[in-house]
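Undergrad: Under my numbering, the first residue of the sequence shown carries the number 1, and numbering increases by one thereafter.
Just so you know, even glycine gets a beta-carbon here, dropped at the ideal spot from N, CA and C.
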Amino acid sequence: MSVTAIIVAAGSGSRMGGELPKQFREIAGKAVLAHAVDALRSHSGVDSIRIVIAPGQEITAKAAMGDRDVGPFVTGGATRGESVANGLRGVADDELVLIHDAARPFCPPQVIDRLLAALEQAPAAIPALPVADTLAAGTDRIERMADRKGLVRVQTPQAFRVRELRAALAKSGGVELTDESSAMVAAGMGVVIVEGDPMLEKLTTQADFDRAEALQGAALVSRTGMGFDVHAFSGEGPIMMGGIAIPHERGLAGHSDADVVLHAITDAILGAIAEGDIGQHFPPSDPQWKGASSDRFLAHAAQLARNGGGKIDHVDCTVICEVPKVGPYREAMRNRVAEILDLPVPKVSIKATTTERLGFAGRGEGIAAQAIATIRMPQ
Ligand code: CTP
Ligand code: MG
Numbered sequence: 001m002s003v004t005a006i007i008v009a010a011g012s013g014s015r016m017g018g019e020l021p022k023q024f025r026e027i028a029g030k031a032v033l034a035h036a037v038d039a040l041r042s043h044s045g046v047d048s049i050r051i052v053i054a055p056g057q058e059i060t061a062k063a064a065m066g067d068r069d070v071g072p073f074v075t076g077g078a079t080r081g082e083s084v085a086n087g088l089r090g091v092a093d094d095e096l097v098l099i100h101d102a103a104r105p106f107c108p109p110q111v112i113d114r115l116l117a118a119l120e121q122a123p124a125a126i127p128a129l130p131v132a133d134t135l136a137a138g139t140d141r142i143e144r145m146a147d148r149k150g151l152v153r154v155q156t157p158q159a160f161r162v163r164e165l166r167a168a169l170a171k172s173g174g175v176e177l178t179d180e181s182s183a184m185v186a187a188g189m190g191v192v193i194v195e196g197d198p199m200l201e202k203l204t205t206q207a208d209f210d211r212a213e214a215l216q217g218a219a220l221v222s223r224t225g226m227g228f229d230v231h232a233f234s235g236e237g238p239i240m241m242g243g244i245a246i247p248h249e250r251g252l253a254g255h256s257d258a259d260v261v262l263h264a265i266t267d268a269i270l271g272a273i274a275e276g277d278i279g280q281h282f283p284p285s286d287p288q289w290k291g292a293s294s295d296r297f298l299a300h301a302a303q304l305a306r307n308g309g310g311k312i313d314h315v316d317c318t319v320i321c322e323v324p325k326v327g328p329y330r331e332a333m334r335n336r337v338a339e340i341l342d343l344p345v346p347k348v349s350i351k352a353t354t355t356e357r358l359g360f361a362g363r364g365e366g367i368a369a370q371a372i373a374t375i376r377m378p379q
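(1) Give me the Cβ distance between Ile7 and Ile49, rounded to the nearest whole Å; I'm assuming they're in contact under 8 angstroms.
(2) What do you reckon, is the C-beta of Gly11 under 8 angstroms from a heavy atom of the ligand MG?
(3) For the ligand MG, is there any heavy atom lying closer than 8 angstroms to the beta carbon of Arg80?
(4) Would a C-beta distance cut-off of 9 angstroms place Leu115 and Val162 closer than the cut-off?
(5) Distance check for Asn335 and Ala272, CA to CA, integer angstroms please.
(6) For Ala124, which option in Gly235, Lys30, Val154 has the closest C-alpha, if you only look at C-alpha atoms?
(7) Near Arg15, what residues of its chain come up, given a Cβ to Cβ distance below 8 angstroms and the 5 sequence neighbours on each side ignored?
(8) Taking Glu143 as part of the beta strand (DSSP E), name the residues at either end of that continuous run.
(9) Thinking C-beta only, is Ala136 closer than 9 angstroms to Met145?
(10) Heavy atom of the ligand SAH less than 8 angstroms from the Cβ of Ala64, yes or no?
(11) Can you check whether the CB of Ala34 is closer than 9 angstroms to the CB of Gly66?
(12) In the DSSP output, which residue or residues are listed as bridge partners for Ser349?
(13) I'd like the list of long-range same chain contacts for Asn86, defined as Cβ closer than 7 angstroms, with 5 residues on each side in sequence excluded.
(14) DSSP three-state label for Met16, please.
(15) Consult DSSP for Gly276 and reduce its assignment to one of helix, strand or coil.
(16) Going by the beta-carbon positions, is the gap between Lys311 and Arg211 smaller than 9 angstroms?
(17) Please find out if some non-hydrogen atom of the ligand CTP comes closer than 8 angstroms to the beta-carbon of Lys30.
(18) Is the beta carbon of Ser14 within less than 8 angstroms of some heavy atom of the ligand MG?
(19) Is it buried or exposed, Arg306, if we count other Cβ atoms within 10 angstroms and call 16 or more buried?
(20) Relative to the ligand CTP, is the shortest distance from any of its heavy atoms to the C-beta of Gln206 smaller than 8 angstroms?
(21) What residue range is occupied by the uninterrupted beta strand (DSSP E) comprising Asp229?
(22) Report the rounded CA-to-CA distance for Leu200 versus Gly359, giving the unit in angstroms.
(23) Please tell me whether Asp267 and Ala170 are closer than 9 angstroms, where the distance is taken between their beta carbons.
(24) Consult DSSP for Leu252 and reduce its assignment to one of helix, strand or coil.
(25) With respect to 8 angstroms, is the separation between the Cβ of Pro21 and the closest non-hydrogen atom of the ligand CTP below this value?
(26) Roughly how many whole angstroms lie between the Cα atoms of Pro157 and Gln379?
(27) Report whether the distance from the Cβ of Asp229 to the nearest heavy atom of the ligand CTP is below 8 angstroms.
In structure tokens:
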């Protein structure tokens, strides 16, 4: 039976506050929604995915998705229930659905295994965890103690046979429910409880976010990559270096704009994420890169790193040449590289050296650059 995952991401995140709704904010360099999508999509039991977003959030949601192909977004409603109803529209009755909050970005595959297995016996299954704290009723003062025995905390994704879920939702007749299992229970249909996971806690407040960021940060490992590039002097200047045009009587030969600094840093980043080299991504034999501005190469490498959950910590580049003098342009180069990488300037270092007139650089035949990039990546 085909399984569709519906991820609801149409909320405003009012308890979290801030400009950007929580599902579009980043944790470990990746949007919360992208984490949720990747977690569900990477499970072999999930056949398709539908993302429900609020009207007017298409551009933000697209940016959060990067280059993932997720199909058209579904427009959500004023309540979570309406958003789910919109997501369900058009899903066939004989299918299975997983309904999931984007605000629960880290779904372990084992939870999906348990849910789908449970659907073989029942029309609905939900993940839940036991309650660890003592429970009491009251606001300023305890009115009575509640018995936590037999109580569980219900998470998402929640799994349903579509026909039964539709019937239950129709019966609930627009009563505002906090989840879909409530509708099934109200309709007298069986809901199986499977073991949930602490990683599925919902992000509601800033404190939840800080904790998730710390947890993800601890799970990252630091990786380094190196890059090296050389271009020969040829023709007339200026020279492109670090994305800046430096006036010089001679230019540099190259298929693109021959920017040794950007090429070396691009290769360093590709090295850190083990994604080949610049020539593989932008073959010199391909006419579309003739005269290309190298900031595109660098931005692409940075995007690849981020798509993989990478966080660029630092890049350092050494330019090796006798002329032109790099010093006067160093700050402009740092600023430009930082801008292309979308990093703060202190995370970018540009240095220069001569080779005491030794070798090809010393003889003034060309310019070399070497770079190193440090990137924290998921293990
Ligand atoms: N949601 C939705 N449509 C709505 C309301 C909520 O799709 N009209 C989604 C949220 O984006 C979230 C999930 O439902 O992924 C759970 O809701 P919640 O955690 O309450 O998120 P928000 O409603 O955005 O947050 P808040 O209640 O603090 O405003
Ligand atoms: Mg809400």
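TA: Here's the rundown:
(1) To locate residue 7, count along the sequence shown from 1; it is residue 7. To locate residue 49, count along the sequence shown from 1; it is residue 49. Confirmed, Cβ separation roughly 7 angstroms.
(2) The residue given as residue 11 occupies position 11 in the sequence shown. At least one heavy atom of the ligand MG is nearer than 8 angstroms to the Cβ of Gly11, so yes.
(3) Counted from its first residue, the sequence shown places residue 80 at position 80. Checking every heavy atom of the ligand MG against the Cβ of Arg80, one is found closer than 8 angstroms.
(4) By one-based count along the sequence shown, residue 115 stands at place 115. By one-based count along the sequence shown, residue 162 stands at place 162. The criterion of a C-beta distance shorter than 9 angstroms is not satisfied by Leu115 and Val162.
(5) Sequence index remark: in the sequence shown, residue 272 carries index 272 (1-based). Sequence index remark: in the sequence shown, residue 335 carries index 335 (1-based). Ala272 and Asn335 have their C-alpha atoms spaced approximately 22 angstroms apart.
(6) Translated into the one-based positions of the sequence shown, residue 124 becomes position 124. Considering only alpha carbons, the answer is Val154.
(7) In the sequence shown, the residue the question calls residue 15 occupies position 15. Only residues of its own chain outside the window of five on either side were considered, and among them Thr204, Thr205 have a CB closer than 8 angstroms to the CB of Arg15, listed in chain order.
(8) Position 143 of the sequence shown, counted from the start, is the residue given in the question as residue 143. 142 to 146 is the span of the beta strand (DSSP E), which, as asked, contains Glu143.
(9) Translated into the one-based positions of the sequence shown, residue 145 becomes position 145. Translated into the one-based positions of the sequence shown, residue 136 becomes position 136. Against a cut-off of 9 angstroms, the Cβ pair of Ala136 and Met145 comes out as a contact.
(10) The ligand SAH is absent from the structure shown, which contains only the ligand CTP and the ligand MG.
(11) Residue numbering aside, residue 66 sits at position 66 when the sequence shown is read from its first letter. Residue numbering aside, residue 34 sits at position 34 when the sequence shown is read from its first letter. Result yes, Cβ atoms of Gly66 and Ala34 sit closer than 9 angstroms.
(12) Sequence index remark: in the sequence shown, residue 349 carries index 349 (1-based). Answer by DSSP bridge pairing, in chain order: Asp316.
(13) Residue 86 sits at position 86 when you count from the first residue of the sequence shown. Cβ within range, chain order: Val52, Val74, Thr75, Gly76, Gly77.
(14) Here residue 16 corresponds to residue number 16 of the sequence shown, with the count starting at 1. Coil.
(15) Within the sequence shown, the letter at position 276 stands for residue 276. In the three-state reduction of the DSSP assignment, Gly276 falls in the coil class, being assigned neither a helical nor a strand state.
(16) On the sequence shown, position 311 is the one that residue 311 refers to. On the sequence shown, position 211 is the one that residue 211 refers to. Their beta carbons are not under 9 angstroms apart, which means Lys311 does not touch Arg211 by this criterion.
(17) The count along the sequence shown starts at 1 and reaches residue 30 at position 30. Incorrect: Lys30 has no Cβ contact closer than 8 angstroms to the ligand CTP.
(18) Looking up residue 14 in the sequence shown gives position 14. Correct: Ser14 has its Cβ closer than 8 angstroms to the ligand MG.
(19) Stepping through the sequence shown from its first residue, residue 306 is reached at position 306. Buried, by the Cβ-count rule.
(20) Counting from 1 along the sequence shown, the entry for residue 206 is found at position 206. Outside the cutoff, so no.
(21) Against the sequence shown, residue 229 aligns to sequence position 229. Where Asp229 is concerned, the enclosing beta strand (DSSP E) stretches over 220 to 236.
(22) By one-based count along the sequence shown, residue 200 stands at place 200. By one-based count along the sequence shown, residue 359 stands at place 359. In a straight line, the C-alpha of Leu200 is about 58 angstroms away from that of Gly359.
(23) Against the sequence shown, residue 267 aligns to sequence position 267. Against the sequence shown, residue 170 aligns to sequence position 170. Between Asp267 and Ala170, the gap from beta carbon to beta carbon reaches 9 angstroms or more.
(24) For the purposes of this step, residue 252 is taken as the residue at position 252 of the sequence shown. Leu252: strand per DSSP, three-state reduction.
(25) In the sequence shown, counting from the first residue as 1, residue 21 sits at position 21. Yes, Cβ of Pro21 sits closer than 8 angstroms to a heavy atom of the ligand CTP.
(26) Within the sequence shown, residue 157 is the residue found at index 157, counting from 1. Within the sequence shown, residue 379 is the residue found at index 379, counting from 1. So the two alpha carbons sit approximately 25 angstroms from each other.
(27) Indexing the sequence shown from 1 puts residue 229 at position 229. Not under cutoff, so the answer is no.
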